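Peer 1:
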Amino acid sequence: MKKVVVGLSGGVDSSTAAAILQQQDYEVVGLTLWLMKGKGQCCSEGMIDAAYICEQLGIEHHVVDIREVFQTNIIDYLVAGYSAGITPLPCSQCNRTVKFGPMLDYASEHLGIDKIATGHYARITYDTAINRYQLRRAIDRNKDQTYFLYDLSQDLLAGTVFPLGETTKTETRQIAAQFDLKTANKPESQDLCLVEANGSMRQFLDKYITPKQGEIVDAAGKVLGQHEGVHHYTIGQRKGLGIAAAEPLYVIGLDAAMNRVIVGDRTSATQSECTVQRVNWVSIAEPTAPIRAEVQVRYRSHPVPVTVIPLENSRVKLVFDEPQFSITPGQAAVWYDSDTVLGGGVIERNN
560 MKKVVVGLSG GVDSSTAAAI LQQQDYEVVG LTLWLMKGKG QCCSEGMIDA AYICEQLGIE
620 HHVVDIREVF QTNIIDYLVA GYSAGITPLP CSQCNRTVKF GPMLDYASEH LGIDKIATGH
680 YARITYDTAI NRYQLRRAID RNKDQTYFLY DLSQDLLAGT VFPLGETTKT ETRQIAAQFD
740 LKTANKPESQ DLCLVEANGS MRQFLDKYIT PKQGEIVDAA GKVLGQHEGV HHYTIGQRKG
800 LGIAAAEPLY VIGLDAAMNR VIVGDRTSAT QSECTVQRVN WVSIAEPTAP IRAEVQVRYR
860 SHPVPVTVIP LENSRVKLVF DEPQFSITPG QAAVWYDSDT VLGGGVIERN N
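Residues in the sequence shown are numbered from 560 upward in steps of one, following my numbering.
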């Protein structure tokens with residue numbers, strides 16, 4: 560019998576993934592990562608629900624304490640980023656370094672199993688012509704999570720199964736109900752696990768970064784107001800600036816060294832190009848010449864046409880066909896060919 564370790568967060572998606580694989584005659588083992596203390600999808604409540612699901616399905620349940628890895632790779636990473644005036648995206652970092660890698664290592668070393676599965680909405684195919692695994696969008700485009708999975712390596716893709724890639728969210732809940740899973744009607748997580756656990760990103764950051772009052776200025780350096788901490792702001796932000804102006808103003812820069820928030824009009828918050836670092840070429844080998852693609856610079860942004868120009872040291876330059884609003888250093892840029900993820904990386908600060 561085929562064996563697979565399913566990452567169980569205590570939500571409906573991972574629960575249904577386990578049930579589907581069991582129905583497909585896999586021998587399923589449940590695995591929950593203990594990421595942090597407190598409330599959250601992957602923590603106290605999630606572990607209880609995950610244990611209940613394993614009892615329902617009659618499968619083993621393993622809990623692995625990975626709090627130190629989460630602290631180093633996610634919490635410390637976020638705090639360092641916000642302190643430097645960028646807005647890190649924790650989810651893609653978490654998927655590779657905290658979840659998929661450690662899960663596959665644990666499955667292999669402790670259980671003798673070479674496959675893991677999660678409840679992510681994505682698909683994996685194999686292209687024999689180029690001898691490469693390909694990461695592709697889920698059928699349910701509204702739930703597609705490939706934007707957060709761009710950093711998975713070929714080895715991780717080879718060892719991963721996404722049972723929900725061909726399933727819509729509505730169908731997932733229907734399947735969960737058919738299996739009478741406890742999580743069938745569990746509300747969906749709306750925020751990052753850190754936000755759920757702390758109430759807001761601001762409250763989380765204020766535990767680690769002491770708020771320091773500074774100036775809000777325009778591009779010419781004119782003081783327009785005061786702020787309570789650079790880490791409370793992000794590029795493109797309009798609300799919560801607390802300053803009056805004749806036209807809407809947006810955050811266009813964060814100067815952590817000078818403790819300044821820089822604002823400007825919407826045009827000032829658009830860019831025609833940006834550079835991206837820590838690039839992972841997912842479904843194709845790194846090209847030696849510019850390629851055309853469609854890129855997402857935020858999870859919910861629409862893909863837009865772009866020219867991707869390879870640079871040295873795992874970097875690329877993205878040249879947009881039309882200037883884009885709110886290109887945010889620290890966030891991910893992920894480029895696609897139709898539904899196939901070609902590559903992705905972290906947007907650099909342009910200075």
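Glycine residues also receive a C-beta, built at the ideal position from the N, C-alpha and C atoms. Computed from a predicted model, the values in this text were never measured in an experiment.
Assign H672 to one of two classes, buried (16 or more other C-beta atoms within 10 Å of its C-beta) or exposed (fewer than that).
Peer 2: Residue identity differs from the one stated: residue 672 is Ile in this sequence, not His. Answer is buried; the Cβ neighbour count reaches 16.
Peer 1: For R859 and I886, I'd like the C-alpha separation in whole angstroms.
Peer 2: 13 angstroms
Peer 1: Check for me: the alpha helix (DSSP H) holding V856 runs from which residue to which?
Peer 2: Note, V856: premise wrong, no alpha helix (DSSP H); not H, not E.
Peer 1: Helix or strand or just coil, what does DSSP make of Y611?
Peer 2: helix
Peer 1: Under DSSP, the alpha helix (DSSP H) around A892 begins and ends at which residues?
Peer 2: Per DSSP, A892 belongs to no alpha helix (DSSP H); it is in the beta strand (DSSP E), A891 to D896.
Peer 1: For R682, which beta-bridge partners are listed by DSSP?
Peer 2: R695
Peer 1: A697: which of D898, D880, A892 and E881 sits nearest, CA to CA?
Peer 2: D898
Peer 1: Are P849 and T866 close, meaning C-beta to C-beta below 7 angstroms?
Peer 2: Between P849 and T866, the gap from beta carbon to beta carbon is short of 7 angstroms.
Peer 1: Applying the criterion that 16 or more other CB atoms from any shown protein chain within 10 Å of the CB defines a buried residue, is G599 buried or exposed?
Peer 2: Note that G599 has pLDDT 48, beneath the 50 cutoff, so the model's placement of it is unreliable and no number is given.
Peer 1: With G660 as the anchor, note down where its alpha helix (DSSP H) starts and where it stops.
Peer 2: G660 to L670
Peer 1: So, is M560 buried or exposed, given that buried needs 16 or more other C-beta atoms within 10 angstroms?
Peer 2: exposed
Peer 1: How would you call V856, buried or exposed, if buried means at least 16 neighbouring beta carbons within 10 angstroms?
Peer 2: buried
Peer 1: For G605, tell me which candidate among L590, G569, M595 and I634 has the shortest Cα-Cα distance.
Peer 2: G569
Peer 1: Compare the beta carbon distance of G903 and Y709 with 7 angstroms and say whether it is the shorter of the two.
Peer 2: yes
Peer 1: Taking Cβ positions, are I775 and H786 nearer each other than 7 angstroms?
Peer 2: Here I775 is near H786, since their CB atoms are less than 7 angstroms apart.
Peer 1: I'd like to check one pair, M595 with F629: are the Cβ atoms closer than 7 angstroms?
Peer 2: yes
Peer 1: Does the region 722 to 740 come into contact with the region 866 to 878, if we say contact requires no fewer than three beta-carbon pairs (one atom in each stretch) closer than 8 angstroms?
Peer 2: Contact fails: fewer than three Cβ-Cβ distances are below 8 angstroms.
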